[in-house]
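One line per chain: the protein sequences are Y and V, in this order. At position 46 of the first sequence the residue is numbered 46 (our numbering), and the sequence of numbers has no breaks. So the mapping is simple: our numbering equals the position in the second sequence, first residue as 1, plus 1000. The C-beta atom is built at its ideal place from N, Cα and C for all residues, glycine as well. Model, not experiment: these values are computed from the prediction. Here is the structure we will look at, set down as structure tokens.
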Amino acid sequence: MSEPTAATAARAPRTWGLLAEFDTVGALLAALEKVRDAGYVAFDAYAPFPIHGLDESMGIRMSRLPWLVAGGGATGAAAGLLLQWWTNGFDYKYLVSGKPFFGLPAAIPITFELTVLLASLGAFIGLLVANRFPELYHPVLPARGFARATTDGFFISVEARDPAFDAVGTREFLEKLGAKQVEKVED
Amino acid sequence: MERTTDIFAEKRHLGALGERLWRRLALAGTAALLVSVAIAALGAESWRRFFFAYLVNFAFVLSLALGALYFVLLHHLTHSGWSVVVRRVGEALTAALPLLALLFIPVLLGLKELYPWSQTAVAAADHVVHGKAAYLNVPFFVVRWAVYLAAWIVTGRFYFRRSLLQDSSGDTSLTLQMERRAGPAMVLFGITLTFASIDLVMSLDPRWFSTIFGVYYFAGSVVGIYALLTAVLFALQGSGFLRNAVTVEHYHDLGKLLFGFVVFWAYIGFSQYMLIWYANIPEETGWLAHRQENGWGWVGLLLVFGHFLIPFVALLSRAPKRRPRLLAAVAVWMLAMHWVDVYWLVTPAVSPGSPLPRLVDLTLLVALGSLLLAGAAYAVRGRSLVPERDPRLEESLAFENA
């Protein structure tokens, strides 16, 4: 947050996209379906609370996160077993009260813990990366009225990078869907 | 609000089917019980094996009824919303507890055959068993079981009757009453179930002990009840009941809980196994050693794979839990595995030489299984299959997994 330098000040603001506000959950969901069906891909929705059916209306596919978690878990299990086999059963054999050098029952707790640890790290880091966190700034934040997205406003943004985006056409389209107001968002 | 009207328009009373169902199940159960008695009376099977087979199946159906009691208590304890539409089936199963108290009598009749500690000669000759005589003796056993059964019946009736009362009065203070008692009732349930499992199953080998045994039996019961609820709801929907009230979202939650308790069961089972394996003390290892000899090891492996690894993989992802037919198939499989688990706990005491089930094991499964379901069907005949004026009914009907 420093003073604008010559380089940033000189850059002309680009259109990032359009932000449309809706009054109700129903209007938001109905509009999202139309936006999805019109072939837009770079659009998003903002609401003050989780909405059942939002994913379906936006056409969001099942998250790939479970695969990351499963991969993390499998890595943890393999690492746990390998670590114990290598240290106790191969590299430094040490007989403890007549137990086998490498006994599977004794190895399960650490294997289990490492499975859980890496699976949850997979979920945690995967979620951050997939959501592009940490993200301290987003172009829609300074938009007029957007603060209402945390109380009673429902918004749809359509980005200019979307191939189907057209500064005039998309605005008319959103207005026709019943948007209360459509605002241009600059980057 | 529109979905409420849906459930009032659909079939939610068993009606004439309920009458037919409980009569037929009671008839089938009684007939199978008589056949089992005949098998032993005609000498085709020893009475000793008969009583052990009876114990396997009694412990099995009891675990399901107790699992149902746990499910109802948990619902109220956590102020659950989602499970309102499936709660009545659980309540009906707890209503079979008085019948199970009656069916406990044969266990008392077979006490001398089942429990070595009940024979004074054995107790006198064995130093370890003698030392436990203050707890493991016949009069105290009978008194304890009278207390357990009374506690379960009273708790079950308290919840079932108030739930039925609310169907007609719609009084929401009943819900508050039920929720307020749920905490103490759950404590009572935990204590009685723990001691009951020690008495009924663990004391078959009076020299052996495992401090986690009660939790192991509990884990099995909860796996059993979520499997049974899923299977019963699927069967009811197949016969045209509750088609609107119970949705894929409820199956999804039952599937999640079933998955969770499948893992919990494995966790407890392994915790018991590993400590015994690691300490390697003869008084503890004997119990597991019997279960690794003469083919019993295969039953143990069947449990490792069939009761844990296979259902773990089958239920891991979201999709199978949202396919009622597939989930119901897994549920039936889990019920079978739960039976194998109880069989594995009990039968090595009478048949250390062979894990193969005998005919009485199966006829008594039909007998006690049918009687449990008959008791449940009898309890809900002429009643709604959903608590239709529960204050959280709307929440349950509109429930969605985010």
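{"Query": "Nearest-angstrom Cα separation, counted from Val1143 of chain V out to Trp1287 of chain V", "Result": "27 Å"}
{"Query": "Neighbour-count burial assignment, Ala12 of chain Y, 16 or more Cβ in a 10 Å radius", "Result": "exposed"}
{"Query": "Where Gln181 of chain Y falls: helix, strand or coil (DSSP)", "Result": "strand"}
{"Query": "Partners in chain V for Asp66 of chain Y, counting only beta-carbon separations shorter than 7 Å", "Result": "Looking at the sequence shown, residue 66 of chain Y is not Asp but Pro. Going along chain V in sequence order, the residues near Pro66 of chain Y (Cβ under 7 Å) are Ser1317."}
{"Query": "Whether Ser1354 of chain V touches Ala1028 of chain V by CB criterion (7 Å)", "Result": "no"}
{"Query": "Nearest neighbour of Leu1099 of chain V, chosen from V:Val1089, V:Leu1062, V:Trp1333 and V:Leu1055 [CA to CA]", "Result": "V:Leu1062"}
{"Query": "Helix, strand or coil at Thr170 of chain Y [DSSP, three-state]", "Result": "helix"}
{"Query": "Pairwise C-alpha distance: Phe112 of chain Y and Phe1399 of chain V", "Result": "33 Å"}
{"Query": "Cβ-Cβ distance between Arg1291 of chain V and Pro1348 of chain V below 7 Å", "Result": "yes"}
{"Query": "Beta-carbon contacts of Leu174 of chain Y that lie in its chain and below 6 Å, excluding the five residues immediately before and after", "Result": "Ala20 and Val182"}
{"Query": "N-terminal and C-terminal residue of the beta strand (DSSP E) that Gly17 of chain Y is part of", "Result": "Thr15 to Phe22"}
{"Query": "DSSP state of Asp1253 of chain V mapped onto helix, strand, coil", "Result": "helix"}
{"Query": "Trp1298 of chain V burial status per 10 Å Cβ neighbour count (16 or more: buried)", "Result": "exposed"}
{"Query": "Classification of Tyr92 of chain Y by the beta-carbon crowding that lies within 10 angstroms, buried from 16 upward", "Result": "exposed"}
{"Query": "Ranges of the alpha helix (DSSP H) found wholly within the region 1318-1344 of chain V, counting only runs of at least 4", "Result": "1318-1321"}
{"Query": "Chain Y contact residues for Tyr1273 of chain V, given Cβ-Cβ distances below 8 Å", "Result": "Pro105"}
{"Query": "Three-way DSSP call (helix, strand, coil) for Ile51 of chain Y in this model", "Result": "coil"}
{"Query": "Sufficient close CB pairs (3 or more, under 8 Å) joining the region 1149-1167 of chain V to the region 1132-1141 of chain V", "Result": "no"}
{"Query": "Contact check, Gln84 of chain Y vs Ala107 of chain Y, beta carbons under 7 Å", "Result": "yes"}
{"Query": "Contacts that Tyr1278 of chain V makes with chain Y (C-beta to C-beta distance below 8 Å)", "Result": "Lys99, Pro105 and Ala106"}
{"Query": "Interfacial residues, the region 1036-1070 of chain V to chain Y, with Cβ spacing under 7 Å", "Result": "none"}
{"Query": "Element boundaries [alpha helix (DSSP H), containing Glu974 of chain V]", "Result": "Outside the displayed range of chain V (1001 to 1402) lies residue 974 of chain V, so it cannot be described from this structure."}
{"Query": "Under the three-state DSSP convention, the category Glu159 of chain Y falls into", "Result": "strand"}
{"Query": "Proximal chain Y residues relative to Phe985 of chain V, where beta-carbon distance stays under 7 Å", "Result": "The first residue shown for chain V is 1001 and the last is 1402, placing residue 985 of chain V beyond what the model contains."}
{"Query": "Proximity winner among V:Glu1249, V:Val1313, V:Ala1289 and V:Val1222, relative to Ile1268 of chain V (alpha-carbon distances)", "Result": "V:Val1222"}
{"Query": "For Phe1189 of chain V and Leu1073 of chain V, believed in contact at Cβ under 8 Å, the rounded distance", "Result": "6 Å"}
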